[in-house]
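Trainee:
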Amino acid sequence: MIEKLAATSPAGVLLDLAGVMILLLAFACLGSKLFNRYVAYYGAQSVVLAFAAGVAAWTFHSAQLWVLAGFTLAVKGIGIPLATRRLLLRRLALGRDAAISTGLSTSLIAGGGLTAFAYLVTKPQLLPHGVVAAAVVPLSTAVILLGALAMVVRRHTVAQLIGWLIVENGVFLGAITLVATFPFIVEAGIFLDIAAGVLIMLVFVSGLTRELAEASATELRGLRG
Amino acid sequence: MIALAVVVVVCPLAGPVAIAMRARARAAGLASVAGAVVALAAAAALLVTLLHHPPLNAWAGFLYADSLSGFFLLTVAGVTVLAAIGSVAYLSAEEDAGTLGTVQIRLYFVFFGLFASLMLASLETGNLGLLFVLIEASTLASAALVGLEGKARSLEAAWKYVIISSLGVTIALAGTLFLFYAGSALHLTSDQRLTWPYLFAHAAALAPQPLRLAFLLAVVGYGTKVGLAPMHTWLPDAHAEAPSPASAMLSAALLNTGMYAIIRFLSITQARLGSTFPHLVLLTFGFASVLVGVLFMVRRGNFKRLFAYSSVEHMGIIAIALGFGGVLGLYGALLHTLNHAIAKAVLFLGSGDPAQRLRTREATGVRGLLTAVPVAGGALLLGSLAVLGSPPFGLFLSELTIVRAGFARASPALPLILLGLLAVAFIAFARTTMGMVTGPAAQDLPPDPYRGRAAHWARVVPLVVGLVALLALGLWIPAGLNSAIMHSLAAIS
Numbered sequence: 052m053i054e055k056l057a058a059t060s061p062a063g064v065l066l067d068l069a070g071v072m073i074l075l076l077a078f079a080c081l082g083s084k085l086f087n088r089y090v091a092y093y094g095a096q097s098v099v100l101a102f103a104a105g106v107a108a109w110t111f112h113s114a115q116l117w118v119l120a121g122f123t124l125a126v127k128g129i130g131i132p133l134a135t136r137r138l139l140l141r142r143l144a145l146g147r148d149a150a151i152s153t154g155l156s157t158s159l160i161a162g163g164g165l166t167a168f169a170y171l172v173t174k175p176q177l178l179p180h181g182v183v184a185a186a187v188v189p190l191s192t193a194v195i196l197l198g199a200l201a202m203v204v205r206r207h208t209v210a211q212l213i214g215w216l217i218v219e220n221g222v223f224l225g226a227i228t229l230v231a232t233f234p235f236i237v238e239a240g241i242f243l244d245i246a247a248g249v250l251i252m253l254v255f256v257s258g259l260t261r262e263l264a265e266a267s268a269t270e271l272r273g274l275r276g
Numbered sequence: 016m017i018a019l020a021v022v023v024v025v026c027p028l029a030g031p032v033a034i035a036m037r038a039r040a041r042a043a044g045l046a047s048v049a050g051a052v053v054a055l056a057a058a059a060a061l062l063v064t065l066l067h068h069p070p071l072n073a074w075a076g077f078l079y080a081d082s083l084s085g086f087f088l089l090t091v092a093g094v095t096v097l098a099a100i101g102s103v104a105y106l107s108a109e110e111d112a113g114t115l116g117t118v119q120i121r122l123y124f125v126f127f128g129l130f131a132s133l134m135l136a137s138l139e140t141g142n143l144g145l146l147f148v149l150i151e152a153s154t155l156a157s158a159a160l161v162g163l164e165g166k167a168r169s170l171e172a173a174w175k176y177v178i179i180s181s182l183g184v185t186i187a188l189a190g191t192l193f194l195f196y197a198g199s200a201l202h203l204t205s206d207q208r209l210t211w212p213y214l215f216a217h218a219a220a221l222a223p224q225p226l227r228l229a230f231l232l233a234v235v236g237y238g239t240k241v242g243l244a245p246m247h248t249w250l251p252d253a254h255a256e257a258p259s260p261a262s263a264m265l266s267a268a269l270l271n272t273g274m275y276a277i278i279r280f281l282s283i284t285q286a287r288l289g290s291t292f293p294h295l296v297l298l299t300f301g302f303a304s305v306l307v308g309v310l311f312m313v314r315r316g317n318f319k320r321l322f323a324y325s326s327v328e329h330m331g332i333i334a335i336a337l338g339f340g341g342v343l344g345l346y347g348a349l350l351h352t353l354n355h356a357i358a359k360a361v362l363f364l365g366s367g368d369p370a371q372r373l374r375t376r377e378a379t380g381v382r383g384l385l386t387a388v389p390v391a392g393g394a395l396l397l398g399s400l401a402v403l404g405s406p407p408f409g410l411f412l413s414e415l416t417i418v419r420a421g422f423a424r425a426s427p428a429l430p431l432i433l434l435g436l437l438a439v440a441f442i443a444f445a446r447t448t449m450g451m452v453t454g455p456a457a458q459d460l461p462p463d464p465y466r467g468r469a470a471h472w473a474r475v476v477p478l479v480v481g482l483v484a485l486l487a488l489g490l491w492i493p494a495g496l497n498s499a500i501m502h503s504l505a506a507i508s
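In order, the protein sequence lines correspond to chains X and Z.
Numbered per this note's numbering, the first sequence spans residues 52 to 276.
Numbered per this note's numbering, the second sequence spans residues 16 to 508.
Pasting the structure below:
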């Protein structure tokens with residue numbers, strides 16, 4: 052089944068391209084200074100991910116994958132960025148600065164290092180040659196690491212939440228392309244978890260905003276030791 | 016058997032169902048207790064059945080239970096009963112004191128039931144993808160319990176908990192993907208390639224490199240839930256800020272669920288790669304956890320944080336036991352899991368009383384508990400002794416087994432270091448708790464927060480039951496428990 056995704060087939064090329072776009076957009080998130088751009092790049096990344104899921108669905112003629120692609124587009128591509136903007140960014144007046152605890156360039160260099168690291172640990176010889184997965188595994192690993200980096204360097208809780216979603220996107224990229232045959236119930240469950248997770252995190256963020264006036268993680272220092 | 020397995024998962028939902036039917040909070044509390052008791056009985060029956068029958072494998076492996084599942088189900092269901100009874104007392108006191116509103120109390124029972132049910136379900140699935148889904152869902156349900164009080168501190172703890180654990184579990188999902196990929200050469204359906212019994216049976220044919228990566232990612236990922244250092248940072252905050260019965264659930268049930276997931280990955284990895292690499296990983300994280308737990312226990316302060324760091328330490332001990340390996344090591348690990356679960360449930364439930372009565376969680380604010388509140392003081396005293404591994408309690412026996420496994424399987428330096436760290440832990444922990452229970456009682460002690468006989472009994476019963484169980488386990492291991500553990504070992508090696 053996976054042979055259909057040979058790196059030279061049209062679907063394989065499209066998936067490779069989508070993977071690269073997703074990595075670039077993860078870098079864009081990491082490097083964006085403005086809060087709403089940060090969220091917009093995340094939305095764009097999710098749209099590309101939905102496209103990748105669509106390509107996989109088309110290749111495998113899988114109705115389930117089409118459903119997942121649709122959900123990805125609706126929830127991650129449109130729903131979450133819109134909700135974050137409406138509910139949080141405007142209400143908290145976060146328009147400008149997505150505060151970052153290191154310099155922008157430092158975090159970008161660290162991101163580059165992590166990408167190289169991702170390629171090192173998922174050495175291509177670990178995977179059969181000629182299969183699209185050979186390119187996608189290091190890409191999705193790199194996206195996971197970049198998302199984790201964004202969670203570490205961004206100070207605001209909302210920014211950390213988006214960082215986690217970038218990590219999820221990285222895992223999802225691996226799941227739909229590397230293992231297009233991943234059981235549907237599991238993927239649907241993962242999706243539900245993410246939706247519920249975002250919901251509960253939004254509740255916490257708004258609660259923190261009420262209590263602390265600004266839910267920046269720099270103010271989260273009541274608990275130590 | 017399928018019916019039993021379903022009963023175990025469904026019964027803890029009695030509380031949420033009662034709330035949905037607009038029952039009053041107290042009725043929902045009683046429903047939670049009843050549901051938990053039925054679940055425990057079903058779990059025990061399931062374990063007994065599994066000892067005499069082949070593993071339960073149904074619904075394409077989405078439902079799977081062997082003796083190892085049965086053992087953990089019994090542990091988690093037992094803790095759920097203790098915590099559900101403790102919840103009735105704790106929440107009625109909170110309601111009387113006006114710290115929690117009616118809505119919050121109703122929400123508590125909803126999420127408590129969901130949390131218990133999801134944890135039990137995660138122990139009953141053979142599909143490693145579904146395992147991730149259920150563990151992540153139980154994280155979310157328990158995060159709601161941590162943030163329940165809605166104050167800045169509890170929200171901060173809940174935020175840290177949910178964001179760190181979600182990231183951790185997502186890493187474990189990446190590990191699961193690599194495991195799935197490691198099996199791509201096998202002639203199995205895609206459902207089976209993610210299902211533990213098939214993977215375990217075909218472990219010899221898995222690709223070694225992706226498997227190595229999968230194990231490492233799973234230990235880091237699920238280790239975040241277990242509270243292995245250095246991924247433990249959410250743990251003290253969440254345990255300290257959650258209501259006491261919820262802390263008991265976190266420490267005594269949730270951490271074990273994460274450890275269960277690690278054991279599943281461990282057995283597959285061992286079957287393919289041998290024991291050197293996985294044991295090295297587990298010993299590293301285990302010793303780091305014991306060290307971090309012990310160092311932070313030296314600091315005197317919030318007593319619930321002290322108990323939380325003790326959980327980090329004990330999870331480290333269990334990881335070390337798995338790292339020593341062999342029959343003795345695995346036996347010690349499982350026995351220690353059960354003992355620690357009961358002891359920590361007693362400690363956290365016992366800490367609810369001083370926390371509510373004195374409105375403080377600082378150890379220096381509590382004095383003379385033994386004379387002022389004999390029930391809580393006694394539970395704290397005996398519970399601390401038990402958790403520190405002094406005889407005649409069960410943890411002495413399991414720690415002894417683990418140290419013996421170390422001398423048998425590893426260089427003698429490792430168990431000696433472990434013994435040294437345990438000695439430091441003993442002094443640090445006892446210094447704080449003995450200060451709390453001894454000495455003259457405060458003159459202006461606030462009145463008993465537990466009004467009414469029901470609340471009083473709900474406070475006393477879980478403490479007494481837990482301590483009696485710990486004492487019994489220290490004196491003798493029932494034949495049934497022994498064969499359950501031996502069967503579990505056979506299931507994973």
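Glycine included, each C-beta is placed from N, C-alpha and C at the ideal position.
If you're wondering where the values come from, they're calculated on a predicted model, not measured in any experiment.
1. Taking the beta strand (DSSP E) that Z/Y79 belongs to, which residues open and close that run?
2. Z/K319: buried (16+ other C-beta within 10 angstroms of its C-beta) or exposed?
3. Where does Z/A38 fall in DSSP's three states?
4. Quick check: the region 189–198 of chain Z against the region 218–232 of chain Z, are there 3 or more CB pairs under 8 Å?
5. With distances taken from CA atoms, which of Z/P369, Z/L350, Z/M36 and Z/A443 is nearest Z/R315?
6. Rounded to whole angstroms, what's the CA-CA distance from Z/H247 to Z/L297? Just pull it up for me.
7. What did DSSP end up calling X/M52 once you bin it into helix, strand or coil?
8. Round the Cβ separation of Z/A356 and Z/H254 to the nearest angstrom and send it over; I've been treating them as touching at under 8 Å.
9. Return the CA-CA distance between Z/L89 and Z/T95, expressed in angstroms with no decimal places.
10. Z/V21 CB to nearest chain X CB: under 8 Å?
11. As a quick exercise: from Z/L135, Z/A46 and Z/L106, pick the residue whose alpha carbon is nearest that of Z/G93.
12. Quick one: what's got a C-beta closer than 8 Å to X/A167's C-beta in the same chain, skipping five residues either side?
13. How about X/V90: is its C-beta nearer than 8 Å to some C-beta of chain Z?
14. Is the distance from the Cβ of Z/E256 to the Cβ of Z/S169 below 8 Å?
15. Taking X/Q96 as the query, report the chain Z residues whose CB atoms sit under 7 Å from its CB, ordered along the chain.
16. Which first and last residues belong to the beta strand (DSSP E) in which Z/A73 is found?
17. Would you report the Cα separation of Z/T352 and X/A186, rounded to the nearest angstrom?
18. Which value, in whole angstroms, describes the spacing of the CA atoms of Z/F408 and Z/G481?
19. Of all Cβ atoms in chain Z, is any one closer than 8 Å to the Cβ of X/L196?
20. Expressed to the nearest angstrom, what Euclidean distance is found between the alpha-carbon atoms of Z/L496 and Z/H502?
21. Who are the near neighbours of Z/S498 in its chain, counting only those whose CB is closer than 7 Å to its CB and skipping five residues on each side?
22. For Z/V402, collect the residues of the same chain with a Cβ closer than 7 Å to its Cβ; drop the 5 residues on either side in sequence, then sort them by chain order.
23. Rounded to whole angstroms, what is the Cα-Cα separation between Z/P258 and Z/Q224?
24. Three-state secondary structure (DSSP) at Z/H355?
25. Quick one: what's Z/N317 bridged to in DSSP?
26. Is there a Cβ of chain Z sitting closer than 8 Å to that of X/W109, yes or no?
27. I'd like to know if the region 279–292 of chain Z and the region 116–130 of chain Z are in contact, where contact means that at least 3 CB-CB pairs between them fall below 8 Å.
28. Beta carbon of Z/D252, beta carbon of Z/K175: below 8 Å?
29. Determine whether the beta carbon atoms of Z/L155 and X/I251 lie at a separation below 8 Å.
30. Sorted by chain position, which residues of the same chain lie with C-beta nearer than 8 Å to Z/L434's C-beta, five sequence neighbours on each side aside?
31. Give the range of the alpha helix (DSSP H) segment to which Z/H68 is assigned.
32. Between Z/G340 and the rest of its own chain, which residues show a CB-CB distance below 7 Å, the 5 nearest in sequence each way excluded?
33. Can you give me the C-alpha to C-alpha distance between Z/T140 and Z/N271, rounded to a whole angstrom?
34. Three or more C-beta pairs under 8 Å: does that hold for the region 367–384 of chain Z against the region 331–339 of chain Z?
Mentor: Looking at the atomic coordinates:
1. For Z/Y79, the enclosing beta strand (DSSP E) covers residues L78 to A80.
2. buried
3. coil
4. yes
5. Nearest to Z/R315 by C-alpha distance, out of Z/P369, Z/L350, Z/M36 and Z/A443, is Z/A443.
6. 15 Å
7. In this predicted model, X/M52 has a pLDDT of only 49, less than 50, meaning its place in the structure is not dependable; the value taken from the coordinates is given anyway. Secondary structure of X/M52 (DSSP, three-state): coil.
8. The pair is not a contact, with the Cβ atoms about 14 Å apart (cut-off 8 Å).
9. Using only the alpha carbons, I get a separation of about 10 Å.
10. No, Z/V21 lies away from the interface with chain X (no Cβ there is under 8 Å from its Cβ).
11. Nearest to Z/G93 by alpha-carbon distance, out of Z/L135, Z/A46 and Z/L106, is Z/L135.
12. none
13. no
14. yes
15. Near X/Q96 there are no residues of chain Z at all, since even the closest Cβ is about 16 Å away, more than 7 Å.
16. L71 to A73
17. 42 Å
18. Each residue's Cα considered, the two are about 11 Å apart.
19. no
20. 10 Å
21. L66
22. S325, A358, K359, L362 and L410
23. 44 Å
24. helix
25. Z/E377
26. Judged by the 8 Å Cβ criterion, X/W109 is not in contact with chain Z.
27. no
28. yes
29. Taking 8 Å as the cut-off, the Cβ atoms of Z/L155 and X/I251 count as close.
30. Closer than 8 Å at Cβ, skipping near neighbours: V418.
31. In the DSSP annotation of this structure, Z/H68 is not part of any alpha helix (DSSP H), being labelled neither H nor E.
32. Taken in chain order, the residues that qualify are S290, H294 and R424.
33. 15 Å
34. no
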